[in-house]
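Just below is one structure, and these are the notes that go with it.
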Amino acid sequence: MHDTTTMLIELGAVVLGLGIVGRLAGRLGLSPIPLYLLVGLAFGHGGLVPLSTSEGFIEVGAEIGVILLLVMLGLEYTANELVDSLRTQYPSGVVDLLLNATPGAIAAFLLGWGPVGALALAGVTYISSSGVIAKVLTELNRLGNRETPVILGILVIEDLTMAIYLPILSTVLAGVGLASGSVTLAIALGTAGVALFVALRHGRFISKAVSSDNPEMLLLVVLGLTLLVAGVAQRLQVSAAVGAFLVGIALSGEVAHTTRRLLTPLRDLFAAVFFVFFGLSTDPTDIPPVLVPALLLALVTAGTKIATGWYAARRAGIGPRGRFRAGGALVARGEFSIVIAGLASATEPRIAPVATAYVLILVILGPFATRWTEPVARRLRERRKSQDSASEVVHEVRPAASSGA
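Number 691 in our numbering belongs to position 315 of the sequence shown; there are no gaps in the numbering.
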């Protein structure tokens, strides 16, 4: 009884704190993710007020948070949209992978983490935050801009890459032998491929089967199906998150629209719990020693994301201003970087503080980059033009002065 009372008090304090910091983030025009991480750091081991009984409950809530994040992301796209994005934007996706995964891998080797740490940190620096980017684009009224489909195409390719990357990472982290690991990976990728094929060919039938005019019944069926598929996927060595993502893709039309509306509050609640749990599992005293490498990595990968967006928008025939807007929009990292770090932290615990500091920096910098990359680039071009014009005038005046002499 005493433990239950203590757990309720702790949970109430954590959830109330999340509500307060979420409102504060909204007032400041920022994503609440960094504040959720700070709440976790404050309540975690080595924090100001460590939790004593509710950490296990929060851990389960964090797992559900990851699953809901991925199923909601899958609901944003149809299987056909994913295939179309792959056909038209795969060169940009390759550039995105090379430019943004490479700095993370190099940084991990420089920090002495070895191949496993390099694979994990490459994923952390590669994947942009779809949630933060979508929120900022909506707030800036850019959803109708010409470059926005390019941005969304890059995000779709990144999400598909995660469907392949997460099983590979899980297999490597498990530390199994080459033969066993190959079989496990083949099962994982085969399962993901079959699920994607079913979503492409039979998504309409799945949507019809789960459809209901009763919102309560629809919520129960979709949530139950998502958790069931995620659990089965985990048992088959596919990430539970990937299983949830594929369920989201399989649903389409009015069912997907209604499900998004019903699941959004649950997604927001459990996603906040997930970020808190990640903060709980990170000792705050581990962060100051890694702030410098995290800041350097953040600056480098902010630049590589801007270059990615510029290249992708240029391929789509968009002008210079739209190219820089696309690049700035892709800078933010967030939920999936933390998901990857959470998977890897058991095997490579040093990744957690670096990833926390890295995400804190870029989830704050991302909205500013979205707003200011294009204006700053425009001003720099204008200044360069004025300097070039001034130098041309000087060159013209000097010969005239020489001939007059």
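Every residue, glycine too, gets a C-beta built ideally from N, C-alpha and C.
Taking the CA atoms as reference points, V666 sits about 13 angstroms from P725.
Runs of the alpha helix (DSSP H) lying entirely within the segment 696 to 724 and spanning at least 4 residues, in chain order: 696 to 705, 711 to 720. Annotation note: the segment 510 to 551 contains the following uninterrupted alpha helix (DSSP H) runs of length 4 or greater, listed N- to C-terminal: 524 to 550. Closest option to L673, judged by alpha-carbon separation, among A483, H578, M593: A483. The distance from the Cβ of A647 to that of L444 is about 7 angstroms, consistent with a contact at the 8 angstroms cut-off. Between the alpha carbons of R403 and D662 lies a gap of roughly 30 angstroms. Going by beta carbons, L536 and A720 fall outside the 8 angstroms limit. For the 8 angstroms CB-CB criterion, P669 and V730 form a contact. The beta carbon of I533 sits closer than 8 angstroms to the beta carbons of S461, L462, Q465, Y466, S468, G469, D472 from its chain, once the five residues preceding and following it are set aside; these are given in chain order.
Around the C-beta of T640, fewer than 16 other C-beta atoms lie within 10 Å, and the residue is accordingly described as exposed.
The C-alpha of F485 lies about 8 angstroms from the C-alpha of G493.
The residue from S504, V390, F700, L594 with its alpha-carbon nearest to that of R636 is L594. For I682, the closest C-alpha among the options W748, V631, V574, S657 is that of W748. Beta-carbon to beta-carbon, T746 and A705 are separated by about 5 angstroms, close enough to satisfy the 8 angstroms threshold. In this structure, V447 keeps its C-beta atom at 8 angstroms or more from the C-beta atom of F650. In the DSSP annotation of this structure, R726 is not part of any alpha helix (DSSP H), being labelled neither H nor E. With 16 or more other Cβ atoms from the protein chains shown falling within 10 Å of its own Cβ, T602 counts as buried. I582 sits in a helix when the DSSP states are folded into three classes.
Taking C-beta atoms as the reference points, P408 and F419 fail to come closer than 8 angstroms.
Each of G579, I527, G624 was checked against the Cα of G600, and the nearest Cα belongs to G624. Relative to the Cα of A389, the nearest Cα in the group V586, K584, V415, V707 belongs to V415.
The Cβ-Cβ distance between L497 and G480 falls below 8 angstroms. Contact annotation: V508 and G655 have beta-carbon atoms that are not nearer than 8 angstroms.
Each of P543, R697, V570, V442 was checked against the Cα of R611, and the nearest Cα belongs to P543.
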